[in-house]
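Undergrad:
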């Protein structure tokens, strides 16, 4: 995965780049000003984004199910200069980009999650085209399942991307402006 930044028509857009393609994220600066400021700072730094990668992929759950699977593509933005705060209480829809509280980890929702409102900072939105192309390809990558408990609760199964996939397809570069970096990933 790579990251770059551009401003077009007054819209802040960050691009996550992988060998499978580009994912544009339209930043929601009004709903998450502190989180988007950290994301922009990392993307504008023009350095390799150490620790930035996707590591978990889960297809959208069956109709009328909250999961598992949970319908997300999860990753880490290890290059963020600080851990973002929890901001806002916004509805999570397909394409929402959400920060996991207290971490540098984020996810792109591939299904709506009204049950998660207020649990995550919604700091961006992926356009439908990128959801149907690059995100769909990333969610369809091979995975392996691991069972994990949550403090005495029932054991849950999580889908993780294999290490080889993480390293090859999900490496990150941050740059600003992004034209040269985008050309390198085409």
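Numbering (my numbering), first residue to last: 3 to 188.
The beta-carbon is built from N, C-alpha and C at its ideal position, and this holds for glycine as well.
#1: Can you grab the Cα-Cα spacing for the pair residue 41 / residue 61, in whole Å?
#2: Would you kindly work out how many angstroms separate the C-alpha atoms of residue 107 and residue 34, rounded to a whole number?
#3: Roughly how many angstroms separate the alpha carbons of residue 57 and residue 90, rounded to a whole number?
#4: Which runs of the beta strand (DSSP E) at least 3 residues long sit entirely within the segment 104-147? Give them in chain order.
#5: Could you name the residues of the same chain whose beta carbon sits closer than 7 Å to that of residue 115, not counting the 5 residues immediately before and after it, in chain order?
#6: Could you compute how far the alpha carbon of residue 54 sits from the alpha carbon of residue 26?
#7: Identify, in the order they occur along the chain, each residue of the same chain with its Cβ nearer than 7 Å to the Cβ of residue 88, setting aside the five sequence neighbours on each side.
#8: Is residue 168 helix, strand or coil when you go by DSSP?
#9: Can you list, in chain order, the residues of its chain whose CB lies under 7 Å from that of residue 120, leaving out five sequence neighbours each side?
#10: I'd like to check one pair, residue 109 with residue 140: are the Cβ atoms closer than 8 Å?
#11: Hey, residue 128 and residue 85 are a contact pair by Cβ (cut 8 Å); roughly how many whole angstroms apart?
#12: From this set, 80, 105 and 96, which residue's C-alpha is nearest residue 118's C-alpha?
#13: Around the C-beta of residue 105, are 16 or more other C-beta atoms found within 10 angstroms, so that it is buried, or is it exposed?
TA: Once the coordinates are examined:
#1: 26 Å
#2: 15 Å
#3: 26 Å
#4: 107-111 and 123-127
#5: 94
#6: 16 Å
#7: 103 and 123
#8: Since pLDDT at residue 168 reaches only 44, below the 50 mark, its modelled position is unreliable, and the value read off the structure follows with that caveat. Residue 168: helix per DSSP, three-state reduction.
#9: 91
#10: no
#11: The pair is not a contact, with the Cβ atoms about 22 Å apart (cut-off 8 Å).
#12: 96
#13: exposed
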